[in-house]
């Protein structure tokens, strides 16, 4: 019996030839990532358990990326950044992306990729549930809490229950109006918000491998919305090109064996996919966009690790170019690199930033912003009964701020098309 | 570990996510400062929509206005309890509010790990939905050793599922105590 990619990576990091789903193992950690919301708690547990003068297990393997509550006057939030800064200085950590400096990046999951911290075959833990995003690079990555992160800071190890793998295979060609966001919303709608609990979501098939790295990250990002422990896509030349442009560190490529064991395999014909939304208040509340055309919206939000990357904004700009939005539309680049892309990259001879400004959008600074609500003064946060179409990843009650607001999750194409009409709109109405 | 956990039940439904357990705007408070961390008790479960707060009737506050601790000791949940974010503030806020045990049909993976590794409380599982058998306010007793739950309000007793691979960590107290006993740290 062969092994899946995930089983091979975990076995290699546990010093074993093979592992079996359900088995509990201890793995060596290649990267630990934390941010401003969970970093202070992690640091405090680390010191309590290992001593005030304890040193982290390997300063090259710790990455700290403040991204959640950055542009706020909340004194507690700002104090938390100070705690990170002090720890980085005390431990002399090389990978810290400080607020208010040239080095500031923004949303950790995209920053990890852009700064070369995602490398095929490695094991990465992060104090954020969307750490599964990094699985797009053919690595094992998953979210953990402060206690587990503190344990890693002190020991470089963590226990893992080896997950069973679920294979999602898309063959053929996606229609031009379909984005990775439609695919992940389709699949979560099919399996439910706990359909992948404790398991790996492995993506394969030529339609998936034709996706860019950014689209692959969108797919893997929302594995947690299906309850998944991790997501993974085998590394190929697209992966290696992206990685080699950003790091010289070595990596290992693992592939699933043809006779590997899967919990299930599900095959889709890519050409039959349609634009999808998740209706309030759950990411598995799937509907076709064309079935929701009578839903009026107050706001469109394009941003976050899921829907705030360069390719997401390129898609939105394709629809918004030369037109005016009908509702408040918020543009929040995930990272400062994406912001620079908006300033520098063009479509039809105009920068993306100008296209958005001329369309009447409001542009925010790179951070998590209103994806998770946050302090009251957060850009794009809901405060009342707003109906929002959003490219973010969660629409649980109150997720974007107000418990009374309603969030429809959608692709950047759908969010942009809906911004123009003021109702949930199938992008085919605009693209044809 | 206490061998008996007794107190009143607070009943919730399926898919209680971490934003309902502790809305993100409150994640700014220190978890180590004794005074500041009381705020987590104050806002625990404040994101649950009113209709679903304290089943079957709903509209029951988990923590009374102006208080930092709950009058309830045990949470009864449905499937996928604690889904969503990895924030350890979620089990922490429930513990700070006075929760000593949760019994749910199933848990989201990270919440389950955090509850066990952080030693906040025992996340028990029960194969059928207790939500239908227990009302908010019922007096419950959990016998940790025998893995049974008694509803003193209805005199019914339920067998909880064994803890499985995390039993040793639960017994030790948390992941650090477990690792010390195992000679790892």
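Protein chains in written order, with the numbering used here: chain G, 60 to 491; chain S, 2 to 186.
All residues carry an ideal CB built from backbone N, CA and C; glycine is no exception.
By the Cβ test, the region 362-378 of chain G is in contact with the region 436-453 of chain G, since at least three Cβ pairs between them sit closer than 8 Å. Of all residues in the region 172-200 of chain G, only 185, 186, 187, 188, 189, 190 come within less than 9 Å of chain S when Cβ atoms are compared, listed by chain position. Only exposed fits residue 296 of chain G, as fewer than 16 other CB atoms lie within 10 angstroms of its CB. Residue 105 of chain S: member of the beta strand (DSSP E) spanning 102-105, first to last residue. For residue 331 of chain G, no alpha helix (DSSP H) segment is defined, and its DSSP state is neither H nor E. Distance from residue 293 of chain G to residue 64 of chain G at the Cβ level is roughly 6 Å; contact confirmed, criterion being Cβ atoms closer than 8 Å.
For residue 199 of chain G, the enclosing beta strand (DSSP E) has its first and last residue at 199-202. Residue 52 of chain S does not reach chain G, its nearest Cβ partner there being about 10 Å away, counting only Cβ pairs nearer than 9 Å.
With distances taken between CA atoms, residue 427 of chain G lies nearest to G/395 out of G/395, G/417, G/442.
Boundaries cannot be given for residue 437 of chain G, as no alpha helix (DSSP H) includes it and DSSP labels it neither H nor E.
With respect to the C-alpha of residue 143 of chain S, the residue from S/177, S/107, S/77 having the closest C-alpha is S/77. Residue pairing for residue 226 of chain G: DSSP places it in a beta bridge opposite G/261, G/324. At least 8 Å separates the beta-carbon of residue 127 of chain S from that of residue 177 of chain S. Straight through space, the alpha carbons of residue 265 of chain G and residue 234 of chain G are spaced by roughly 14 Å. In the three-state reduction of the DSSP assignment, residue 167 of chain G falls in the helix class. Listed along chain G is no residue with a C-beta nearer than 8 Å to that of residue 144 of chain S; the closest approach is about 26 Å. Residue burial annotation: residue 392 of chain G is buried, with at least 16 other C-beta atoms found within 10 angstroms of its C-beta. In the three-state reduction of the DSSP assignment, residue 144 of chain G falls in the helix class, which pools H, G and I.
With a contact defined as Cβ atoms closer than 8 Å, residue 188 of chain G and residue 107 of chain S miss out at about 17 Å. DSSP places residue 429 of chain G outside any alpha helix (DSSP H), giving it a letter other than H or E. Using a CB distance cut-off of 8 Å, residue 84 of chain G does not count as an interface residue toward chain S. At a Cβ-Cβ threshold of 8 Å, residue 193 of chain G and residue 168 of chain G count as neighbours. Secondary structure of residue 62 of chain G (DSSP, three-state): coil. In the structure shown, residue 241 of chain G falls within a helical segment according to DSSP collapsed to helix, strand and coil.
Between residue 79 of chain G and residue 123 of chain G, the CB-CB gap reaches or exceeds 8 Å. Given a length threshold of 3 residues, each whole run of the beta strand (DSSP E) inside the region 386-410 of chain G is given here in chain order: 387-391. With contact defined as three or more Cβ pairs closer than 8 Å, the region 191-211 of chain G and the region 279-293 of chain G are in contact. Note that the C-beta distance between residue 354 of chain G and residue 345 of chain G is not below 8 Å. In this structure, the straight-line span from the alpha carbon of residue 140 of chain S to that of residue 19 of chain S is close to 26 Å.
Residue 112 of chain G is classed as exposed because its beta carbon has fewer than 16 other beta carbons within 10 Å across all chains shown. Annotation: the continuous beta strand (DSSP E) that includes residue 75 of chain S extends over 75-78. Under the Cβ criterion of 8 Å, residue 21 of chain S is counted among the residues facing chain G.
Ranked by how close their Cα comes to the Cα of residue 360 of chain G, the residues G/370, G/375, G/352 have G/375 in first place.
Chain G places a beta carbon closer than 8 Å to that of residue 119 of chain S, counting this residue as a contact. Judged by DSSP in its simplified three-state form, residue 111 of chain G adopts coil rather than helix or strand. The Cβ of residue 457 of chain G sits closer than 8 Å to at least one Cβ of chain S.
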